[in-house]
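The opening position of the sequence shown corresponds to residue 2 in my numbering, with each subsequent residue numbered one higher. Ideal Cβ positions, reconstructed from N, Cα and C, are used throughout, including at glycine. Here the structure is a predicted model, which means the values were calculated and not measured. Notes follow the structure.
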Amino acid sequence: MLQSRSIILFVSCILCSFYAVGQTGKLNGKVADYDREPIADVTISIDKSDKFVLTDTLGYFEIEVPAGKRVVLRASSVDFESEPFSVILKDGETRTRNIFLESRGTQLSTIQVKAERERGQVGTIGVNTKNVHALPGAEGIEGLLKMLVGNRNELSSQYTVRGGNFDENLVYVNDFEINRPFLVRSGQQEGLSFINPDMVDRVDFSVGGFQARYGDKMSSVLDVTYQRPEKFAGSVMASLLGFQANLAGGSKNKKLSFMVGFRQKTNQYLLQSQPTKGQYNPSFTDIQAMINYRFSPKLEMEFIGNYALNRFRFEPERARTAFGSVTQAMAFTSIYTGSEIDQFDNTFGGLSFTYSPNKKFKLKLLGSMYNSYEKETFDIKSEYILSVVELDLGSQNLGKELYSLGAGAIHRYARNFLNANVANVGLKGTYSTGNHFFSFGGNVQHVNIDDRLMEWERRDSAGFSVPYDPFQVNMYQYFKASNQISYNKADAYVQDNILLSKNFDAVLTLGVRGVYNFLNEELVISPRANFSFKPKGQENMLLKVAAGQYAQPPFYREMRAMDGSLNTNLKAQKSWQFAAGMDYNFIALNDRPFKFTAELFYKALSDLVPYDYDNVRIRYAANNNGIGYAYGGELRLFGDLVKDAESWLSIGYLKTMERLLNPVTGAYGDWQPRPTDGRVTFGVFFSDYLPQNHNFRVYLNMMYATGLPSPLPERNFQRRDNFRLPAYRRVDIGFSALLLDAANNKAGYYSFFKGIKSIWVSLEVFNLLGIANTLSYEYIESLNNNYSFYIPNRLTSRMINFKIAAKF
Numbered sequence: 002m003l004q005s006r007s008i009i010l011f012v013s014c015i016l017c018s019f020y021a022v023g024q025t026g027k028l029n030g031k032v033a034d035y036d037r038e039p040i041a042d043v044t045i046s047i048d049k050s051d052k053f054v055l056t057d058t059l060g061y062f063e064i065e066v067p068a069g070k071r072v073v074l075r076a077s078s079v080d081f082e083s084e085p086f087s088v089i090l091k092d093g094e095t096r097t098r099n100i101f102l103e104s105r106g107t108q109l110s111t112i113q114v115k116a117e118r119e120r121g122q123v124g125t126i127g128v129n130t131k132n133v134h135a136l137p138g139a140e141g142i143e144g145l146l147k148m149l150v151g152n153r154n155e156l157s158s159q160y161t162v163r164g165g166n167f168d169e170n171l172v173y174v175n176d177f178e179i180n181r182p183f184l185v186r187s188g189q190q191e192g193l194s195f196i197n198p199d200m201v202d203r204v205d206f207s208v209g210g211f212q213a214r215y216g217d218k219m220s221s222v223l224d225v226t227y228q229r230p231e232k233f234a235g236s237v238m239a240s241l242l243g244f245q246a247n248l249a250g251g252s253k254n255k256k257l258s259f260m261v262g263f264r265q266k267t268n269q270y271l272l273q274s275q276p277t278k279g280q281y282n283p284s285f286t287d288i289q290a291m292i293n294y295r296f297s298p299k300l301e302m303e304f305i306g307n308y309a310l311n312r313f314r315f316e317p318e319r320a321r322t323a324f325g326s327v328t329q330a331m332a333f334t335s336i337y338t339g340s341e342i343d344q345f346d347n348t349f350g351g352l353s354f355t356y357s358p359n360k361k362f363k364l365k366l367l368g369s370m371y372n373s374y375e376k377e378t379f380d381i382k383s384e385y386i387l388s389v390v391e392l393d394l395g396s397q398n399l400g401k402e403l404y405s406l407g408a409g410a411i412h413r414y415a416r417n418f419l420n421a422n423v424a425n426v427g428l429k430g431t432y433s434t435g436n437h438f439f440s441f442g443g444n445v446q447h448v449n450i451d452d453r454l455m456e457w458e459r460r461d462s463a464g465f466s467v468p469y470d471p472f473q474v475n476m477y478q479y480f481k482a483s484n485q486i487s488y489n490k491a492d493a494y495v496q497d498n499i500l501l502s503k504n505f506d507a508v509l510t511l512g513v514r515g516v517y518n519f520l521n522e523e524l525v526i527s528p529r530a531n532f533s534f535k536p537k538g539q540e541n542m543l544l545k546v547a548a549g550q551y552a553q554p555p556f557y558r559e560m561r562a563m564d565g566s567l568n569t570n571l572k573a574q575k576s577w578q579f580a581a582g583m584d585y586n587f588i589a590l591n592d593r594p595f596k597f598t599a600e601l602f603y604k605a606l607s608d609l610v611p612y613d614y615d616n617v618r619i620r621y622a623a624n625n626n627g628i629g630y631a632y633g634g635e636l637r638l639f640g641d642l643v644k645d646a647e648s649w650l651s652i653g654y655l656k657t658m659e660r661l662l663n664p665v666t667g668a669y670g671d672w673q674p675r676p677t678d679g680r681v682t683f684g685v686f687f688s689d690y691l692p693q694n695h696n697f698r699v700y701l702n703m704m705y706a707t708g709l710p711s712p713l714p715e716r717n718f719q720r721r722d723n724f725r726l727p728a729y730r731r732v733d734i735g736f737s738a739l740l741l742d743a744a745n746n747k748a749g750y751y752s753f754f755k756g757i758k759s760i761w762v763s764l765e766v767f768n769l770l771g772i773a774n775t776l777s778y779e780y781i782e783s784l785n786n787n788y789s790f791y792i793p794n795r796l797t798s799r800m801i802n803f804k805i806a807a808k809f
């Protein structure tokens with residue numbers, strides 16, 4: 002009997018061992034350096050086994066490992082330190098793990114120099130675009146940036162950086178500079194941004210202290226590189242706010258690659274949540290293509306084309322805005338007649354040729370053409386009544402209007418047309434030798450503008466026009482102008498990235514940039530320097546400093562005053578910038594990678610052109626009569642608070658002030674806050690998943706930003722520090738589920754969906770707490786200016802969005 006039991010036990014052990022051998026799980030992830038740049042051709046191997054895989058061009062890998070026991074794996078590469086790690090997987094489990102490798106620094110290859118020259122630049126923020134469609138409220142790449150730098154308008158894709166305005170941000174796609182429309186007045190008129198997130202490979206974002214090779218703006222650089230596909234792929238996404246599709250492919254000989262993207266956006270559903278009710282009919286369509294052809298290993302051509310057709314039609318009907326305090330509440334009720342019809346059509350084409358005779362030298366010739374045809378027409382009359390609201394909790398009339406404080410009318414009319422053409426021809430190159438990496442280039446730009454402006458506003462209070470004149474009828478505002486202008490601009494730069502030690506402990510970047518404006522014959526030379534180093538014995542820490550001058554020659558928008566007149570003698574705005582910071586990479590919470598960054602900055606501003614915001618439109622004074630400064634700091638923490646689920650925290654402080662020259666006295670006035678003096682911003686992004694099923698995830702965005710200063714009416718760009726908009730507060734949450742994953746479909750259960758890689762569905766709740774954020778104030782005054790009221794213009798309330806996305 003005992004012998005029989007022993008035989009049964011022995012056979013059971015043998016069977017269990019065979020069963021255990023058959024159990025496997027899958028490990029996937031991405032390999033990157035500590036600057037979060039992907040590393041290709043890294044070997045992921047299993048210790049004491051001949052099984053291994055290589056990472057692809059984007060750093061991704063997937064390997065099958067035995068389940069039910071601890072398995073030691075190793076990530077190794079010639080140029081990076083080997084990194085061992087271990088996992089324990091269950092049978093059939095798929096787990097994601099991202100791996101970060103440290104550079105060996107043992108040899109000075111061309112590839113290493115190129116990687117190190119970009120390392121840890123002051124003001125640089127790494128942007129992970131992998132899950133851009135899953136993030137709630139993140140509308141494309143710019144949506145991610147707004148979450149990092151702070152944003153106070155969810156309807157707009159524009160962002161401000163370190164005290165600058167929307168016009169101070171550079172945007173590049175594959176080295177082509179991208180322009181934005183001119184006449185867009187409000188976020189609800191904005192179409193799709195140029196950048197198609199489905200086509201993006203890499204995003205570099207600098208919030209200041211950027212290198213001389215970038216163009217002539219004062220605040221930030223968004224440098225986007227599109228993918229270069231090698232095989233057929235695609236994606237589709239549909240939601241309550243729009244639809245988009247993308248196709249990509251490449252030839253078998255790898256000479257030809259292409260991508261085509263189509264996007265359709267209609268924010269009608271979103272706009273209906275605003276206080277102003279009516280018939281919204283927005284339609285924004287965008288088609289974009291990129292073609293790359295390699296003639297030989299040394300010569301290749303690239304074309305990028307984009308056509309955007311944007312329409313906005315609005316027939317307002319009514320609006321009611323409640324405001325005031327706990328002791329006195331008021332309601333501003335309006336009834337509208339009329340409509341608004343806008344058209345913004347943008348066309349872009351860029352062609353480049355890249356010649357690389359060897360690994361050390363590269364030349365790139367670029368040419369591009371941008372056309373924007375814009376039409377803004379509206380004729381809207383509103384009749385309003387301002388009332389006091391009952392606050393007594395015991396009253397049957399709680400929340401209702403008790404009596405009227407006054408009534409009036411506002412009639413706004415515009416017939417604005419603009420046709421803009423911007424042409425660029427440029428040459429840029431790089432050359433590496435030893436521990437030097439030289440960059441050089443130049444560009445010539447031609448701008449042609451045809452602008453027709455006619456816009457007026459009439460106000461009525463108690464049956465009399467405001468401002469009141471007993472002998473004539475006065476308009477509250479009246480602008481009329483007809484401008485045609487053509488001008489040229491040329492710029493050039495040279496810079497050197499120097500590796501000061503063979504172990505890459507120190508990198509120095511020296512550069513100079515010059516720009517000449519043919520319109521006013523102004524030449525500006527801007528030197529710039531950037532230095533970073535790793536303290537001895539602190540391989541995970543990087544210290545960095547930067548200093549330099551940044552000049553922004555006037556574009557047409559800055560030259561046009563509020564009344565439509567042009568100042569063609571306007572000089573370039575200038576900024577001396579100084580910044581210092583640190584990056585610290587560390588491992589915490591059971592071997593999870595984290596990155597902490599801290600930066601301080603100061604800007605000395607001169608030849609400023611004063612401006613005020615009209616929603617998202619910027620109205621300039623068109624003269625250089627301002628000086629100012631900006632200073633502040635930022636703290637950011639990136640990491641996996643939950644394993645394999647990225648989160649981050651951002652805290653920022655900013656103070657920016659200006660003094661305006663009085664043309665009568667010739668003296669500068671008192672210091673006052675600039676329009677972007679936002680002081681404190683606080684942002685959190687958190688992601689998590691169900692412990693038993695990583696395919697079900699949740700994403701949470703939280704944003705807090707202190708209010709911006711509000712302009713005073715009829716004060717000519719004057720502001721008060723104690724008169725600000727309320728703080729901006731917003732929470733968005735999203736839930737997503739991976740319904741189909743072809744990589745884990747062993748049994749072919751989803752054979753009906755053969756060829757589809759994945760299907761995601763998402764449910765988003767925007768403005769979860771239903772906070773009524775204020776974008777601006779509408780100024781209402783009495784007939785004799787005895788009293789005035791500031792009526793808040795509110796942003797969107799709570800709403801729900803549903804998305805479904807598939808990749809094939």
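Spatial neighbours of residue i in its chain, beta-carbon cut-off 8 Å, leaving aside the 5 residues before and after
{"i": "P676", "result": "N166, Y612, D613, Y614, L709, P710, P712 and R720"}
{"i": "S487", "result": "H447, V448, N449 and I450"}
{"i": "N570", "result": "N521"}
Bridge partners - residue i, DSSP secondary structure assignment
{"i": "F354", "result": "M302 and L366"}
{"i": "A605", "result": "W577 and Y630"}
{"i": "A623", "result": "Answer is none; A623 lacks a bridge partner."}
{"i": "D613", "result": "R620"}
{"i": "R721", "result": "Answer is none; R721 lacks a bridge partner."}
{"i": "F439", "result": "Y432 and D497"}
{"i": "R637", "result": "T598 and S651"}
Proximity winner among the options, relative to residue i (alpha-carbon distances)
{"i": "R529", "options": "G151, R214 and F686", "result": "R214"}
{"i": "F686", "options": "R637, S433 and G667", "result": "R637"}
{"i": "K656", "options": "Y632, I292 and Q673", "result": "Y632"}
{"i": "A323", "options": "F809, N398, P793 and N626", "result": "P793"}
{"i": "D1", "options": "R453, M260 and Y477", "result": "The chain is shown only over 2 to 809; residue 1 falls outside these bounds and no answer can be derived."}
{"i": "K804", "options": "L310, G243, F790 and I40", "result": "G243"}
{"i": "G251", "options": "A589, Q273 and R295", "result": "R295"}
Same chain, Cβ closer than 6 Å to residue i, five either side skipped, listed in chain order
{"i": "D380", "result": "G339 and Y414"}
{"i": "M583", "result": "L544 and A599"}
{"i": "G351", "result": "F177, I305 and S369"}
{"i": "Y173", "result": "D224"}
{"i": "F579", "result": "A548 and Y603"}
{"i": "L406", "result": "L387"}
Rounded distance between the beta-carbons of residue j and residue i, thought under 8 Å
{"i": "D564", "j": "F480", "result": "5 Å"}
{"i": "R153", "j": "A706", "result": "6 Å"}
{"i": "P283", "j": "N307", "result": "Not quite, the Cβ-Cβ distance comes to about 19 Å (not below 8 Å), so this is no contact."}
{"i": "I450", "j": "N498", "result": "I450 to N498, Cβ: 37 Å. No contact."}
{"i": "V204", "j": "V162", "result": "15 Å between Cβ atoms; not a contact."}
{"i": "R660", "j": "I619", "result": "About 20 Å; that fails the 8 Å criterion."}
{"i": "S46", "j": "R71", "result": "The pair is not a contact, with the Cβ atoms about 16 Å apart (cut-off 8 Å)."}
{"i": "M704", "j": "G684", "result": "5 Å"}
Neighbourhood of residue i by C-beta distance below 7 Å, restricted to the same chain and skipping five residues each side
{"i": "I9", "result": "With a pLDDT of only 43 at I9, under the threshold of 50, the placement of this residue in the model should not be trusted; the figure read from the coordinates follows. None."}
{"i": "G640", "result": "R593, P594, F595, K596 and S648"}
Sub-9 Å separation of residue i and residue j beta-carbons
{"i": "K382", "j": "V390", "result": "no"}
{"i": "Y385", "j": "S353", "result": "no"}
{"i": "V185", "j": "E375", "result": "yes"}
{"i": "G515", "j": "A493", "result": "yes"}
{"i": "R98", "j": "D645", "result": "yes"}
{"i": "N293", "j": "L257", "result": "yes"}
{"i": "P554", "j": "K490", "result": "yes"}
{"i": "V54", "j": "E63", "result": "yes"}
{"i": "S737", "j": "V766", "result": "no"}
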